[in-house]
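Trainee: Position 422 of the sequence shown, counting from 1, maps to 422 under UniProt numbering, and the rest follow consecutively.
A single structure is presented below for examination.
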Amino acid sequence: MTALKLYSTLTRSKDTFVPIDDRNVRLYVCGPTVYDYAHIGNARPIIVFDLLFRLLRHVYGAEAVTYVRNITDVEDKINARAARDYPDLPHNDAIRIVTQKTEKQFHDDIRALGVLMPEHVNEPGKPPRFVEPRATEHIDEMKMIIERLIARGAAYVAEDHVLFSVSGMSKLSNVPQYGAFSKRSLDELLSGARVDVAPYKRDPMDFVLWKPSGPKDPAWPSPAGIAKPGRPGWHIECSAMAWKHLVQAFETRLSCNDPAERETFDIHGGGIDLVFPHHENEIAQSCCAFGVPRMANVWMHNGFLQVESEKMSKSLGNFFTIHDLLKDWPGEVLRFNMLRTHYRQPIDWTVKGLEESQKTLDRWYGLAGDGSSVTLSGPVVEALADDLNTPKMLAELHALDHHGAHEELGANLRALGFLLEGSVAWEARKKASLSVDASVVEALIVARKEARASKNWAESDRIRDELAALSVVVKDNKDGTTTWEVAR
Numbered sequence: 001m002t003a004l005k006l007y008s009t010l011t012r013s014k015d016t017f018v019p020i021d022d023r024n025v026r027l028y029v030c031g032p033t034v035y036d037y038a039h040i041g042n043a044r045p046i047i048v049f050d051l052l053f054r055l056l057r058h059v060y061g062a063e064a065v066t067y068v069r070n071i072t073d074v075e076d077k078i079n080a081r082a083a084r085d086y087p088d089l090p091h092n093d094a095i096r097i098v099t100q101k102t103e104k105q106f107h108d109d110i111r112a113l114g115v116l117m118p119e120h121v122n123e124p125g126k127p128p129r130f131v132e133p134r135a136t137e138h139i140d141e142m143k144m145i146i147e148r149l150i151a152r153g154a155a156y157v158a159e160d161h162v163l164f165s166v167s168g169m170s171k172l173s174n175v176p177q178y179g180a181f182s183k184r185s186l187d188e189l190l191s192g193a194r195v196d197v198a199p200y201k202r203d204p205m206d207f208v209l210w211k212p213s214g215p216k217d218p219a220w221p222s223p224a225g226i227a228k229p230g231r232p233g234w235h236i237e238c239s240a241m242a243w244k245h246l247v248q249a250f251e252t253r254l255s256c257n258d259p260a261e262r263e264t265f266d267i268h269g270g271g272i273d274l275v276f277p278h279h280e281n282e283i284a285q286s287c288c289a290f291g292v293p294r295m296a297n298v299w300m301h302n303g304f305l306q307v308e309s310e311k312m313s314k315s316l317g318n319f320f321t322i323h324d325l326l327k328d329w330p331g332e333v334l335r336f337n338m339l340r341t342h343y344r345q346p347i348d349w350t351v352k353g354l355e356e357s358q359k360t361l362d363r364w365y366g367l368a369g370d371g372s373s374v375t376l377s378g379p380v381v382e383a384l385a386d387d388l389n390t391p392k393m394l395a396e397l398h399a400l401d402h403h404g405a406h407e408e409l410g411a412n413l414r415a416l417g418f419l420l421e422g423s424v425a426w427e428a429r430k431k432a433s434l435s436v437d438a439s440v441v442e443a444l445i446v447a448r449k450e451a452r453a454s455k456n457w458a459e460s461d462r463i464r465d466e467l468a469a470l471s472v473v474v475k476d477n478k479d480g481t482t483t484w485e486v487a488r
């Protein structure tokens with residue numbers, strides 16, 4: 001079995017990955033909050049952890065890996081969007097429309113990125129291997145965890161809120177200290193966080209587990225004997241969904257006997273921006289509720305994304321959604337461009353990079369787009385086993401191209417989420433998306449070829465200039481064929 005080395009934010013080191021139970025490898029990744037189109041930065045963890053899911057399935061077997069990526073469908077941004085877009089509807093109906101519509105948009109967009117979806121891996125009659133839980137379907141689990149935290153002295157009720165107690169956490173044994181994950185002292189955490197100031201807090205670092213709902217907020221019966229209906233805080237949602245699908249669901253399936261290991265899962269992933277406060281708070285909640293030193297053994301985080309060397313921002317006019325980019329680029333190009341940079345490094349998202357990615361995929365579609373085999377070669381697996389070293393992975397794919405191993409190249413690309421359509425369809429779709437009439441270009445190329453055959457060089461040059469005026473770049477190949485593309 002291939003040994004995987006993964007960098008963990010928890011230990012700040014790259015170590016050999018040893019699953020708790022190699023027949024039940026478990027991965028949780030923070031998914032989207034469904035209130036608007038996902039931006040291209042949101043696509044990075046979707047693509048990165050899809051690749052990890054594929055690698056884990058290759059190493060341990062498809063039946064041995066479970067992937068959970070949540071949907072956050074209760075959050076104040078959703079409430080605001082519902083009130084803005086559907087002011088005449090009952091608020092719960094408006095919220096349901098926003099979340100259902102946005103979730104569908106998200107799924108449509110990421111399917112184009114070549115990621116595996118639940119329907120690709122789950123089989124009838126077998127435990128699901130890819131779960132997309134919604135927060136609103138796990139209110140009971142959230143309330144259970146909240147009740148456990150109160151009972152253990154790690155949470156308290158104040159003015160219809162339930163708050164996590166950082167000082168209460170410090171009094172518990174067998175749990176980490178708050179701030180240990182993000183490697184900051186409490187003073188550093190306080191100065192670096194946007195802390196909500198509230199008179200009912202015992203400590204400024206305490207955070208909300210449950211809060212009362214207003215007349216236009218979604219609401220459920222509250223825990224801890226609170227009479228007023230309320231709704232969960234953001235952090236408790238992931239603790240509940242991870243526990244439900246990666247701990248409780250495996251109570252009778254794990255081979256380990258250690259009680260702490262049975263309340264822990266293997267890998268938790270997300271963007272680097274989630275380290276604090278979200279993941280710090282997840283760890284605090286889960287560890288204190290169940291009395292364990294770890295929520296997950298390995299924590300993986302992808303780096304930030306910039307656009308043309310600047311921070312992506314609506315005010316700078318460089319804010320791009322996945323949906324917007326798919327209008328101009330195939331999803332596979334976005335996927336390829338994302339994987340050119342190691343997942344832990346910052347990525348500079350540029351048009352030049354997209355053009356280079358398109359050019360490489362155009363070539364590989366032409367060489368290997370029509371095969372059917374799906375497998376990963378040893379050198380490709382070795383590259384990915386080194387903490388998802390995608391630059392090395394791509395170098396190995398280029399080596400297959402260089403040595404003429406085009407069938408093997410295609411098999412690897414399909415296993416990595418590429419070559420989703422045949423070469424003819426790829427070429428046709430590319431030309432259909434162009435800003436020029438492909439039939440006009442083809443006619444001009446035929447006319448130019450005839451002029452060259454009759455040695456009418458002046459006419460040949462005139463046609464080339466006409467094509468150039470259309471931003472069409474013509475290439476005369478050694479085998480006598482002529483190919484073309486539109487310069488972006």
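We put the CB at the ideal spot given by N, CA and C, even for glycine.
No experiment lies behind these values; they were computed from the predicted model shown.
Runs of 3 residues minimum, wholly inside the region 273-346: which ones carry the beta strand (DSSP E) assignment?
Mentor: Taking only runs of at least 3 residues, the beta strand (DSSP E) segments lying wholly in the region 273-346 are 296-302 and 305-307.
Trainee: Kindly list the residues whose CB is nearer than 7 Å to the CB of Asn122, restricted to its own chain and excluding five residues on each side of it in sequence; keep chain order.
Mentor: As a first step, residue 122 is located in the sequence shown; it is residue number 122 there, counting from the start. The answer, listed in chain order, is Pro128, Arg129 and Phe130.
Trainee: Is it the case that the region 296-308 contacts the region 267-282, given that we only count it when at least three CB pairs across the two stretches are under 8 Å?
Mentor: Flag = yes, the region 267-282 and the region 296-308 touch.
Trainee: For my contact list, Arg202 and Ser165 are in at a C-beta cut-off of 8 Å; report their separation, rounded to the angstrom.
Mentor: For the purposes of this step, residue 202 is taken as residue 202 along the sequence shown, with counting starting at 1. For the purposes of this step, residue 165 is taken as residue 165 along the sequence shown, with counting starting at 1. Right, their Cβ atoms sit about 7 Å apart.
Trainee: Among residues of its own chain, excluding the 5 on either side of Lys244, which ones have a beta-carbon nearer than 8 Å to its beta-carbon?
Mentor: Translated into the one-based positions of the sequence shown, residue 244 becomes position 244. If we look at Lys244 and ignore the five residues flanking it on each side, its Cβ neighbours are Pro133, His138 and Glu141.
Trainee: I'd like to know whether the C-beta atoms of Ile47 and Leu113 end up nearer to each other than 8 Å.
Mentor: Counting from 1 along the sequence shown, the entry for residue 47 is found at position 47. Counting from 1 along the sequence shown, the entry for residue 113 is found at position 113. Against a cut-off of 8 Å, the Cβ pair of Leu113 and Ile47 comes out as a contact.
Trainee: With a threshold of 8 Å, are at least 3 pairs of Cβ atoms found where one atom belongs to the region 14-30 and the other to the region 58-69?
Mentor: A contact exists between the region 14-30 and the region 58-69.
Trainee: What first and last residue would you give for the alpha helix (DSSP H) that runs through Val380?
Mentor: Within the sequence shown, residue 380 is the residue found at index 380, counting from 1. Note, Val380: alpha helix (DSSP H), Gly378 to Ala385.
Trainee: Lys143 to His58, Cα distance in whole Å?
Mentor: In the sequence shown, residue 143 corresponds to position 143, counting from 1. In the sequence shown, residue 58 corresponds to position 58, counting from 1. The straight-line gap from Cα to Cα measures roughly 37 Å.
Trainee: In whole angstroms, give me the CA-to-CA distance for Glu119 and Pro204.
Mentor: The sequence position of residue 119 within the sequence shown is 119, counting from 1. The sequence position of residue 204 within the sequence shown is 204, counting from 1. Between Glu119 and Pro204, the C-alpha separation is close to 44 Å.
Trainee: Quick test of your reading: Thr33 and Glu75, contact by CB under 8 Å. State the CB separation rounded to the nearest angstrom.
Mentor: Taking the first residue of the sequence shown as position 1, residue 33 is located at position 33. Taking the first residue of the sequence shown as position 1, residue 75 is located at position 75. Right, their Cβ atoms sit about 5 Å apart.
Trainee: Considering only C-alpha positions, which residue in the set Leu51, Gly179, Lys104 and Leu316 is nearest to Thr9?
Mentor: On the sequence shown, position 9 is the one that residue 9 refers to. The shortest C-alpha separation from Thr9 is found at Gly179.
Trainee: Helix or strand or just coil, what does DSSP make of Leu89?
Mentor: Counting from 1 along the sequence shown, the entry for residue 89 is found at position 89. Leu89: coil per DSSP, three-state reduction.
Trainee: Just to check, is the beta-carbon of Asn24 closer than 7 Å to a non-hydrogen atom of the ligand MN?
Mentor: The ligand MN is absent from the structure shown, which contains no ligands of any kind.
Trainee: In whole angstroms, what is the alpha-carbon distance linking Tyr200 and Gln100?
Mentor: Working through the sequence shown from its first residue, we reach residue 200 at position 200. Working through the sequence shown from its first residue, we reach residue 100 at position 100. Rounded to the nearest angstrom, the two C-alpha atoms are 35 Å apart.
Trainee: Rounded to whole angstroms, what's the CA-CA distance from Thr375 to Phe53? Just pull it up for me.
Mentor: Translated into the one-based positions of the sequence shown, residue 375 becomes position 375. Translated into the one-based positions of the sequence shown, residue 53 becomes position 53. Taking the straight line from one Cα to the other gives about 15 Å.
Trainee: Provide the residue span of the beta strand (DSSP E) that contains Leu419, from first to last.
Mentor: Here residue 419 corresponds to residue number 419 of the sequence shown, with the count starting at 1. From DSSP, Leu419 is part of no beta strand (DSSP E); its letter is neither H nor E.
Trainee: Under a three-way DSSP split, which group does Ile445 fall into?
Mentor: Taking the first residue of the sequence shown as 1, we reach residue 445 at position 445. Three-state DSSP puts Ile445 in a helix.
Trainee: Using the beta-carbon count (16 or more within 10 Å), is Ser286 buried or exposed?
Mentor: Taking the first residue of the sequence shown as 1, we reach residue 286 at position 286. Looking at its Cβ environment, which holds 16 or more other Cβ atoms inside 10 Å, Ser286 is buried.
Trainee: Which same chain residues, not among the five before or five after Lys14, have their C-beta less than 6 Å away from its C-beta?
Mentor: Locating residue 14 in the sequence shown gives position 14, where the first residue counts as 1. Within the same chain, Lys14 has close Cβ partners Lys5, Tyr7 and Asp387.
Trainee: Following the continuous beta strand (DSSP E) through Thr16, name the residue where it begins and the one where it ends.
Mentor: On the sequence shown, position 16 is the one that residue 16 refers to. Segment Ser13 to Thr16, the beta strand (DSSP E) holding Thr16.
Trainee: Reducing DSSP to helix, strand and coil, say where Tyr156 ends up.
Mentor: The residue given as residue 156 occupies position 156 in the sequence shown. In this structure, Tyr156 counts as strand in the three-state DSSP scheme.
Trainee: Can we say the region 477-487 touches the region 431-451, given the rule of at least three CB pairs closer than 8 Å?
Mentor: The region 477-487 vs the region 431-451: in contact.
Trainee: Determine which residues share a DSSP beta bridge with Thr33 and list them.
Mentor: Here residue 33 corresponds to residue number 33 of the sequence shown, with the count starting at 1. Note: Thr33 sits in a beta bridge opposite Thr72.
Trainee: Quick check on the DSSP output: what are the complete beta strand (DSSP E) runs of length 3 or more inside the region 135-211, in order along the chain?
Mentor: Listed in chain order, the complete beta strand (DSSP E) runs (minimum 3 residues) inside the region 135-211 are 155-158 and 161-164.
Trainee: Using the beta-carbon count (16 or more within 10 Å), is His39 buried or exposed?
Mentor: By one-based count along the sequence shown, residue 39 stands at place 39. With 16 or more Cβ atoms within 10 Å of its Cβ, His39 is classed as buried.
Trainee: Does the pairing of the region 397-406 with the region 454-473 give three or more beta-carbon distances under 8 Å?
Mentor: Taking 8 Å as the limit for Cβ pairs, the verdict is that the region 454-473 does not touch the region 397-406.
Trainee: For Met312 and Tyr35, I'd like the C-alpha separation in whole angstroms.
Mentor: The sequence position of residue 312 within the sequence shown is 312, counting from 1. The sequence position of residue 35 within the sequence shown is 35, counting from 1. Each residue's Cα considered, the two are about 19 Å apart.
Trainee: Distance, Cα to Cα, Leu254 vs Gly168?
Mentor: Position 254 of the sequence shown holds residue 254. Position 168 of the sequence shown holds residue 168. C-alpha separation (whole angstroms): 31 Å.
Trainee: Can the beta-carbon of Trp210 be found less than 8 Å from the beta-carbon of Pro223?
Mentor: By one-based count along the sequence shown, residue 210 stands at place 210. By one-based count along the sequence shown, residue 223 stands at place 223. Yes, the Cβ-Cβ distance between Trp210 and Pro223 is below 8 Å.
Trainee: In whole angstroms, give me the CA-to-CA distance for His279 and Trp349.
Mentor: Residue numbering aside, residue 279 sits at position 279 when the sequence shown is read from its first letter. Residue numbering aside, residue 349 sits at position 349 when the sequence shown is read from its first letter. Those two C-alpha atoms are separated by around 26 Å.
Trainee: With DSSP run on the structure shown, which of helix, strand or coil describes Leu394?
Mentor: Walking along the sequence shown from the start, residue 394 turns up at place 394. Looking at Leu394 - three-state DSSP - the assignment turns out to be helix.
Trainee: Compute the Euclidean distance between the alpha carbons of Gly331 and Pro218, then round it to the nearest angstrom.
Mentor: As a first step, residue 331 must be located in the sequence shown, where it is residue number 331. As a first step, residue 218 must be located in the sequence shown, where it is residue number 218. The straight-line gap from Cα to Cα measures roughly 35 Å.
Trainee: Thinking just about the alpha-carbon of each residue, which of Lys392, Leu416 and Leu326 is nearest to the one in Ser373?
Mentor: On the sequence shown, position 373 is the one that residue 373 refers to. Considering only alpha carbons, the answer is Leu416.
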